[in-house]
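Some notes on the structure that comes next.
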Amino acid sequence: MSTNNLNTQQTVDAAKRDFLKAGAKATAAVAVVTLAPGVTLYSVGAKAAVTGPATSERRWGMLIDATAPEDIWDIAVDACKTEQGWGGGNNPATDPQWIRKVSVKDPKTGAKATLPVMCQHCENPPCVDVCPTGASMQRADGIVLVDKHICIGCRYCMMACPYACRSFVHENVTGQKPHMPRGKGTVESCTLCVHRIDKGQLPACVEAVTTAGSDAMLFGDLNDPNSDISRAVSKYVTQRIRQDLGVEPSVHYRGI
Amino acid sequence: MRSATKFLSLVVLGFAILTGGLASPANAGEVPRPNPAKAFKGTECVEPVDVMRREHMNFLKHQRDETLREGIRGQKYSLNQCIDCHAVTSPDIMGGKVRTLKPFCAECHNYAAVSIDCFQCHTGAAVPGIGQTTSPLPNGHPAVAVPATEGGTAQ
Amino acid sequence: MALDTTVYKEIEGTGADYYALVGWLAVFAAAGLGASYYMEHYGHVVTGMTNAIVWGTPHVFAVFLIVAASGVLNVSSISSVFSKHHYKPMARLSALTALALLAGGLMVLVLDLGRPDRLIVAMTKYNFKSIFAWNIYLYTGFFVIVLIYLWMMMERRFAPHSKKAGLLAFVWRLALTTGTGSIFGFLVARPGYDAAIMAPMFIAMSFAFGLAIFILLVTVTYKASERPLGDLILFKMRNLLGVFIAAVLYFTAAMHLTNLYAAEHMGVERFILMDGGIYTFLFWVVQIGIGSVFPLALLFNPATGRTCQGISIASMMVIVGGLAQLYVIIVGGQAFPLQMFPGMEVSSSFFDGQVHGYAPSLPEVVLGLSGIATALLIVAVAVKYLPLLPVSLSDAHIRISRSLDHHIEDAPFS
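Sequence lines, in order, name chains G, Y and R. Sequential numbering of the first sequence, starting at 461, is according to the numbering used here. Sequential numbering of the second sequence, starting at 158, is according to the numbering used here. Sequential numbering of the third sequence, starting at 681, is according to the numbering used here.
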């Protein structure tokens, strides 16, 4: 049991190390810290540090192992709910789902797989193309977000998304997290935990799965050839959902 | 909903002016001036008070775009920072069990008949560690809860 | 250029019938506002729409009205662009109705937004890659151009320029309907959409729906105001409506045949054409049967095609069929599941891989109907206060109009 815990801890540490990358020389005496290319920490007095902006030097991505035991995905979904404050409604057809467990089965062979599906953070996102106001947007580092400040709730992005990964907030929302404002009449979806990534943390789902001792979710910078995820996707062929559409999702899967 | 609120507040305003004028001629046409609560913690805002009064909306709007769209974080005009210092309790909001920014904002916005669109998504409620400053919570701070008038909380 | 000898006059509009009509239309329009307030207050949870069927009944009505708006303008385009001067007396009403239908359609579209209070955002922030954003320009441009066109037709000094304005309006309306069709045509991920043919098909649909509405409007208005309406103009519109219905059938057939040929689209075609339940019924029975085949039979059967009632009933059926067609396209296209893993059986708590259910709710239907009511209300009030309707559309009058332009060669439409 204790060995297991130790392994888990190591995995998390490894993931964080990969995330922060070599070159980050954070010491207390240094006022300006370069965490990584494009992520700079400015120390302002004794108060908070200013980070960013996000740059195109990074391209965040994920590699998901669909052959992992399917229970692990419940952990990922629950972690997302807790982190972002969705879930708990009683209307399955209208309640938002930012990440969901999808089961696929080949009717000819009977082969099965279960995988989590969330916003695929496409390089060419159809939701961003169709949005009339520019509320559906892509950050320089490839993260696709909804700017709820200017979302008018037309739902055209939901029509355009090939992955049904967006939800419309059909009811009043209460108890939102301070980092994740959510409101009736706007569209929302997975943010790749942008508020955590910007602090150098892993997305909540990845962290939860990793903490549970699984390596079924790998997160990192696809633009960095030395990151774990880049090494993994270059080692074996991965699949992306509806690759034929040319939208270039940044979420990769194995074993679908 | 909000336009109805605005319409109602206009009616109320008109009624107040009318009855105020009739009842006490000395006070003709005057609506009580807003009296927002003192900051819950800290003694100094990120800008001088008169600058904040005039420009807070521009600061917030500018920074929200930089934070969300460009990924610049930790700058000084943060709504969460507003909450950290200015959120107050109000018996109208969750029985006074939480500190929230809404009554503080509503005080002036009601007076100026400005409907804001922040709290449709942001709760405005204070949670531990929401702000960036390390200003200590004052002991026995005399923050007075400002009752939220109806509809003024942009709920 | 033929001299317009037509006498236009406001309708009297003082009878109890007129006030009753206007009153009822106003009630319906107000009910739509109430429905929208209800939907905004409680959220879209009170509608039949879900995270899978994101566009429902309001969009069926809104798109129908927007498509019909550009189509109804055709009557004036035929006279100004294609020089068929027997249509000229009706050009003013055609332009006004176009404006009214577009206003009604946009009202429904806007009131269904999740945040209608942020309409100003849609007017100030544009993503120029979005066909939706282009449409905002196409709609506002349509209003301006048609208003100018109407003004030039009604102001005798500008009459010589009305043809140019009419040409611009015609080109613009083609662009507008192309834009409306492309809202669906550009959706690459949905097997029910993603087809370039959507744009020309929507243009054909606009011709048919617009003319059907116009025929009903003219027959009802002329009967109610006791002004003469001759068979000549009615039969010309009847012939045209027949051609337009056939054009819609042609595009519908071409779209489905193309899809049927591609194995990857068999699923969605099987759904719409064979086992889609309500959508299959609406497609075959209402759209094709009641909305296309039956009106064609009515129009070209001498016993019914030569009567005002026959032509009016056919027009009503085209409208019913048109609404059904848009319901099948908009709701049916979403009801069929996204093909995330083609060839695989898919399931999840988010209803992946399942046909999505949708039942229109009362507020949605009321909002949709209020768009029609608003459009008709605008027309009803406008014809009372503006000289839009010719005093006579009798055969004799139409012949005079026509004889004046005998020197003009036959244009493509007849």
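The beta carbon of each residue, even a glycine, is placed where N, CA and C say it ideally should be.
- Would you say residue 740 (chain R) reaches chain G, if we count a Cβ-Cβ gap shorter than 8 Å as a contact? For this step, residue 740 (chain R) is matched to residue 60 along the third sequence. Contact of residue 740 (chain R) with chain G is not assigned, every C-beta pair being separated by 8 Å or more.
- Task: On a CA-only basis, which of G:525, G:524 and G:544 is nearest residue 634 (chain G)? Give me that one, please.
- Result: Within the first sequence, residue 634 (chain G) is the residue found at index 174, counting from 1. Per the Cα distances, G:544.
- Message: Please state whether the Cβ-Cβ distance between residue 883 (chain R) and residue 858 (chain R) is less than 8 Å.
- Response: Translated into positions along the third sequence, residue 883 (chain R) becomes position 203. Translated into positions along the third sequence, residue 858 (chain R) becomes position 178. Inclusion of residue 883 (chain R) and residue 858 (chain R) in the CB contact set at 8 Å is warranted, their separation being smaller than that value.
- Message: Quick check on DSSP: helix, strand or coil for residue 246 (chain Y)?
- Response: Looking up residue 246 (chain Y) in the second sequence gives position 89. Residue 246 (chain Y): strand per DSSP, three-state reduction.
- Nearest to residue 972 (chain R) (by Cα), restricted to the options R:1000, R:951 and R:952: As a position in the third sequence, residue 972 (chain R) is number 292, starting the count at 1. Answer by Cα proximity: R:1000.
- Item | Length-filtered (4 minimum) alpha helix (DSSP H) runs lying within the segment 682–714 of chain G | Entirely contained in the segment 682–714 of chain G, the alpha helix (DSSP H) runs reaching 4 residues are, in chain order, 688–695.
- Message: Give me the chain Y residues within the contact set of residue 607 (chain G), using Cβ-Cβ distance strictly less than 7 Å, ordered along the chain.
- Response: Here residue 607 (chain G) refers to the residue found at position 147 of the first sequence. For a Cβ distance threshold of 7 Å, residue set 225 and 226 of chain Y lies close to residue 607 (chain G), ordered along the chain.
- Any chance the CB of residue 565 (chain G) is under 7 Å from a heavy atom of the ligand MG? Judged by which ligands are present, the structure shown has none, so any question about the ligand MG falls away.
- Task: Identify every residue that forms a DSSP beta bridge with residue 574 (chain G).
- Result: By one-based count along the first sequence, residue 574 (chain G) stands at place 114. Answer by DSSP bridge pairing, in chain order: G:563.
- Query: Among R:901, R:998 and R:899, which residue has its Cα nearest to the Cα of residue 926 (chain R)?
  - Reply: Counting from 1 along the third sequence, the entry for residue 926 (chain R) is found at position 246. Cα-wise, what sits closest to residue 926 (chain R) is R:998.
- Task: Give me the Cα-Cα distance between residue 493 (chain G) and residue 1019 (chain R), rounded to the nearest whole angstrom.
- Result: Within the first sequence, numbered from 1, the residue matching residue 493 (chain G) stands at position 33. Within the third sequence, numbered from 1, the residue matching residue 1019 (chain R) stands at position 339. Below a pLDDT of 50, predicted positions are generally treated as unreliable, and residue 493 (chain G), at 44, falls in that range; the measurement from the model is reported next regardless. Cα to Cα, residue 493 (chain G) sits roughly 46 Å from residue 1019 (chain R).
- Item | Close-in-space but distant-in-sequence residues of the same chain around residue 787 (chain R) (CB under 6 Å, 5 per side omitted) | Walking along the third sequence from the start, residue 787 (chain R) turns up at place 107. Cβ within range, chain order: 1051 and 1054.
- Would a C-beta distance cut-off of 8 Å place residue 528 (chain G) and residue 676 (chain G) closer than the cut-off? Taking the first sequence and counting its residues from 1, the one referred to as residue 528 (chain G) is at position 68. Taking the first sequence and counting its residues from 1, the one referred to as residue 676 (chain G) is at position 216. Taking 8 Å as the Cβ cut-off, residue 528 (chain G) and residue 676 (chain G) qualify as a contacting pair.
- Who are the Cβ neighbours of residue 896 (chain R) in its own chain at under 8 Å, not counting the five residues just before and after it? Start at 1 with the first residue of the third sequence, and residue 896 (chain R) comes out as number 216. Excluding sequence neighbours, residue 896 (chain R) sits near 992, 995, 996 and 999.
- Query: Cβ atoms of residue 649 (chain G) and residue 611 (chain G): under 8 Å apart, would you say?
  - Reply: The residue you call residue 611 (chain G) lines up with position 151 of the first sequence. The residue you call residue 649 (chain G) lines up with position 189 of the first sequence. No, these two residues do not count as a Cβ contact at 8 Å.
- Message: Buried or exposed for residue 777 (chain R), going by 16 or more other Cβ atoms inside 10 Å?
- Response: One-based indexing of the third sequence puts residue 777 (chain R) at position 97. Burial call: buried.
- For residue 256 (chain Y), does the three-state DSSP call read helix, strand or coil? As a position in the second sequence, residue 256 (chain Y) is number 99, starting the count at 1. Under the three-state reduction of DSSP, residue 256 (chain Y) is assigned to strand.
- Task: For residue 706 (chain R), I'd like the list of residues in its chain whose CB is within less than 7 Å of its CB, leaving aside the five on either flank, ordered along the chain.
- Result: As a working note, residue 706 (chain R) is residue 26 in the third sequence. Cβ neighbours of residue 706 (chain R) beyond the five flanking positions: 1057.
- Task: Taking residue 949 (chain R) as part of the alpha helix (DSSP H), name the residues at either end of that continuous run.
- Result: Translated into positions along the third sequence, residue 949 (chain R) becomes position 269. Unbroken alpha helix (DSSP H) run through residue 949 (chain R): 946–950.
- Task: In the DSSP assignment, find the beta strand (DSSP E) that holds residue 1026 (chain R) and state where it starts and stops.
- Result: Counted from its first residue, the third sequence places residue 1026 (chain R) at position 346. For residue 1026 (chain R), the enclosing beta strand (DSSP E) covers residues 1025–1028.
- Message: Please report the straight-line C-alpha distance between residue 233 (chain Y) and residue 736 (chain R), rounded to a whole angstrom.
- Response: Translated into the one-based positions of the second sequence, residue 233 (chain Y) becomes position 76. Translated into the one-based positions of the third sequence, residue 736 (chain R) becomes position 56. Answer to the nearest angstrom: the Cα atoms are 44 Å apart.
- Message: 8 Å is my cut-off, CB to CB: does residue 519 (chain G) come that close to chain Y?
- Response: Numbered from its first residue, the first sequence carries residue 519 (chain G) at position 59. Between residue 519 (chain G) and chain Y, the shortest Cβ-Cβ separation is not below 8 Å.
- residue 706 (chain G): buried (16+ other C-beta within 10 angstroms of its C-beta) or exposed? Counting from 1 along the first sequence, the entry for residue 706 (chain G) is found at position 246. With fewer than 16 Cβ atoms within 10 Å of its Cβ, residue 706 (chain G) is classed as exposed.
- Message: Spatial neighbours of residue 904 (chain R) within its chain, please: C-beta separation below 6 Å, excluding the five flanking residues on both sides.
- Response: Counted from its first residue, the third sequence places residue 904 (chain R) at position 224. Cβ neighbours of residue 904 (chain R) beyond the five flanking positions: none.
- Alpha carbon to alpha carbon, how far is residue 676 (chain R) from residue 1039 (chain R)? What the structure shows of chain R is the stretch from 681 to 1094, and residue 676 (chain R) is not part of that stretch, so it cannot be assessed.
- Query: Between residue 512 (chain G) and residue 682 (chain G), is the Cβ-Cβ spacing less than 8 Å?
  - Reply: Looking up residue 512 (chain G) in the first sequence gives position 52. Looking up residue 682 (chain G) in the first sequence gives position 222. With respect to the 8 Å criterion, residue 512 (chain G) and residue 682 (chain G) are not classified as neighbours on the basis of their beta carbons.
- Message: So that I know if they touch, is there some Cβ in chain R lying closer than 8 Å to that of residue 530 (chain G)?
- Response: Reading the first sequence from its first residue, position 70 is the one you call residue 530 (chain G). Using a Cβ-Cβ cut-off of 8 Å, residue 530 (chain G) does not count as an interface residue toward chain R, since no Cβ of chain R sits closer than that to its own.
- Message: Suppose the cutoff is 7 Å on Cβ atoms and the five residues either side in sequence are ignored; what does the same chain contact list for residue 1007 (chain R) look like?
- Response: Walking along the third sequence from the start, residue 1007 (chain R) turns up at place 327. Closer than 7 Å at the Cβ level, and outside the excluded window around residue 1007 (chain R), lie 740 and 962.
- CB contact below 8 Å: residue 798 (chain R) versus chain G: For this step, residue 798 (chain R) is matched to residue 118 along the third sequence. Answer yes: the Cβ-Cβ gap between residue 798 (chain R) and chain G drops below 8 Å somewhere.
- Query: So which residues of chain Y does residue 588 (chain G) contact, with C-beta pairs closer than 9 Å?
  - Reply: The residue labelled residue 588 (chain G) in the question sits at position 128 within the first sequence. Using a Cβ-Cβ cut-off of 9 Å, residue 588 (chain G) is close to nothing in chain Y; its nearest Cβ partner there is about 12 Å away.
- Query: Taking the C-alpha atoms as reference points, what is the distance between residue 854 (chain R) and residue 255 (chain Y)?
  - Reply: In the third sequence, residue 854 (chain R) corresponds to position 174, counting from 1. In the second sequence, residue 255 (chain Y) corresponds to position 98, counting from 1. Using only the alpha carbons, I get a separation of about 57 Å.
- Query: Do residue 540 (chain G) and residue 587 (chain G) come within 8 Å of each other at the CB atom, strictly closer than that value?
  - Reply: Here residue 587 (chain G) is taken as the residue at index 127 of the first sequence, counted from 1. Here residue 540 (chain G) is taken as the residue at index 80 of the first sequence, counted from 1. The beta carbons of residue 587 (chain G) and residue 540 (chain G) sit no closer together than 8 Å.
- Item | Contact set for residue 708 (chain R): own chain, Cβ-Cβ below 7 Å, skip 5 residues either direction | As a first step, residue 708 (chain R) is located in the third sequence; it is residue number 28 there, counting from the start. Cβ neighbours of residue 708 (chain R) beyond the five flanking positions: 1049, 1050 and 1053.
- Along the chain, where does the alpha helix (DSSP H) that runs through residue 650 (chain R) open and close? This structure leaves residue 650 (chain R) out entirely; chain R is present only between 681 and 1094.
- Cross-strand partners of residue 524 (chain G) (DSSP beta bridge): The sequence position of residue 524 (chain G) within the first sequence is 64, counting from 1. According to DSSP, which records beta bridges pairwise, residue 524 (chain G) is partnered with G:677 and G:713.
- Message: Here's the rule: buried if 16 or more other CB atoms are within 10 angstroms of the residue's CB, otherwise exposed. What is residue 878 (chain R)?
- Response: For this step, residue 878 (chain R) is matched to residue 198 along the third sequence. By the neighbour-count rule (16 or more Cβ atoms within 10 Å), residue 878 (chain R) is buried.
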